[in-house]
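To start, the structure under review is shown below, and the notes come after it.
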Amino acid sequence: MTIEKIKLFIRASRPFSLTASAIPVVLGEILALKEPNFNLEYFTLSIIAIVFLQASVNLLNDHDDFINKVDTKESHSSSGVVVEGLLTLKEVYRSGILLLILGCLIGLFLAYNVGIMILILGIVGALCGYFYTGKPLMIKYRGLGAPLVFTIFGPLMTLGGYYLQMQEFTVQSFLISIPTALLTTAILHANDIRDINHDKKAGIKTLSISIGYKKAQKVYSSLIILSYISLIIMIVFKYIPYLSLICLLTVPAAIKNINKLRTSGDSSSNIAELDKESGKLQGQFGILLILSILLSYIL
Numbered sequence: 001m002t003i004e005k006i007k008l009f010i011r012a013s014r015p016f017s018l019t020a021s022a023i024p025v026v027l028g029e030i031l032a033l034k035e036p037n038f039n040l041e042y043f044t045l046s047i048i049a050i051v052f053l054q055a056s057v058n059l060l061n062d063h064d065d066f067i068n069k070v071d072t073k074e075s076h077s078s079s080g081v082v083v084e085g086l087l088t089l090k091e092v093y094r095s096g097i098l099l100l101i102l103g104c105l106i107g108l109f110l111a112y113n114v115g116i117m118i119l120i121l122g123i124v125g126a127l128c129g130y131f132y133t134g135k136p137l138m139i140k141y142r143g144l145g146a147p148l149v150f151t152i153f154g155p156l157m158t159l160g161g162y163y164l165q166m167q168e169f170t171v172q173s174f175l176i177s178i179p180t181a182l183l184t185t186a187i188l189h190a191n192d193i194r195d196i197n198h199d200k201k202a203g204i205k206t207l208s209i210s211i212g213y214k215k216a217q218k219v220y221s222s223l224i225i226l227s228y229i230s231l232i233i234m235i236v237f238k239y240i241p242y243l244s245l246i247c248l249l250t251v252p253a254a255i256k257n258i259n260k261l262r263t264s265g266d267s268s269s270n271i272a273e274l275d276k277e278s279g280k281l282q283g284q285f286g287i288l289l290i291l292s293i294l295l296s297y298i299l
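In this text, residue positions in the sequence shown follow the working numbering: the first is 1, and each later residue adds one.
Rendered as structure tokens:
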């Protein structure tokens, strides 16, 4: 395989979005960092597994969106490798299945060592990932993408990360997942708003189509604003340290994204990169949140 081919597969995996899965798992696990039984091997393997699984979902999504005429030459597809003829459908599908298998194998190893709860969470996550656009459920095409993304990339991953280390669930590990889960949902929602017209032609249903463009804009703004509100509430009630206020450094980027959508009119080209910019916001916010918790252990 050539370097150029590898670059295409990396592009198809949508690297800009991979923080969406890595950050919630890391958040859950670093809550247990000070505990004597914190397992660095489990931590490392869980990050690799979750990145493999999300990359798999992204690849399979490209395959399914092309098959179902959701991604076309006229639409702003997320990677474009299939639409542009850079990779074949078979190549994208096989690479997606391969990453899915690798992620599941790592998950089985962790479940064998930690317990059945990790197996259950892993099975739920893998099935939801495969059937996100895969038949017969095709969850995304039925307008259920947003609540699914919030649940999987929020509580499920963060609770799973914490359970992997501590073999229990806590209120803190649930609540800390909410801000980044809201921002991750905003990534999907930005994508759906941009693609409203193309998705209608393809005959699929999304939240943005159901509520209309103007209300969809308000939902996007609400997701962003609520992420900061939930952060402040958790700080006030001491679920996370005051150092987590450093996440407010991302407010200018959040405002920029909201304003870009508000002033975009009905032109999808004006918000062609909003999903990627939303992904950057989620990544920056999540990294600062992780950093603030780590610093609180030192200071």
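Beta carbons: idealized from backbone N, C-alpha and C, even for Gly.
These numbers were taken from a predicted model, which means no experiment stands behind them.
Measure the beta-carbon distance from residue i to residue j and round it to whole angstroms, keeping in mind my assumption that it falls under 8 Å.
i, j, result
"Ser292", "Pro241", "6 Å"
"Ile204", "Val70", "6 Å"
"Ile187", "Ser17", "6 Å"
"Val26", "Ile290", "6 Å"
Alpha carbon to alpha carbon, what distance is there between residue j and residue i?
i, j, result
"Leu31", "Thr72", "43 Å"
"Ser269", "Gly80", "15 Å"
"Glu41", "Met166", "14 Å"
"Leu45", "Leu119", "14 Å"
"Thr243", "Ser296", "Contrary to the premise, residue 243 reads as Leu rather than Thr in this sequence. Going from the Cα of Leu243 to the Cα of Ser296 covers about 7 Å."
"Leu274", "Ile123", "31 Å"
"Lys238", "Leu231", "10 Å"
"Glu35", "Val171", "17 Å"
"Leu99", "Gly154", "22 Å"
"Lys201", "His63", "18 Å"
"Ile97", "Lys90", "11 Å"
"Asn261", "Leu207", "The amino acid occupying residue 261 in the given sequence is Leu; Asn does not appear at that position. The straight-line gap from Cα to Cα measures roughly 16 Å."
Quick check on residue i: does DSSP put it in helix, strand or coil?
i, result
"Arg94", "helix"
"Arg262", "helix"
"Arg14", "coil"
"Lys238", "coil"
"Lys34", "coil"
"Lys205", "strand"
Going by the C-beta, is residue i closer than 7 Å to any heavy atom of the ligand ZN?
i, result
"Gly203", "With respect to small molecules bound, the structure shown includes none, and the ligand ZN cannot be examined in it."
Pick from the options: whose alpha carbon is nearest that of residue i?
i, options, result
"Gly283", "Thr19, Leu249 and His198", "Thr19"
"Asn257", "Ser221, Leu289 and Ile290", "Ser221"
"Asp65", "Asn259, Pro24 and Asp195", "Asp195"
"Ile176", "Phe131, Gln54 and Phe285", "Phe285"
"Ile116", "Lys5, Glu168 and Lys218", "Glu168"
"Ser75", "Leu299, Leu8 and Asn197", "Asn197"
"Thr263", "Leu108, Asn39, Leu249 and Lys218", "Lys218"
Run the CB neighbour count on residue i, radius 10 Å, all protein chains shown included, and call it buried at 16 or more, exposed below.
i, result
"Ser210", "exposed"
"Met1", "exposed"
"Ile101", "exposed"
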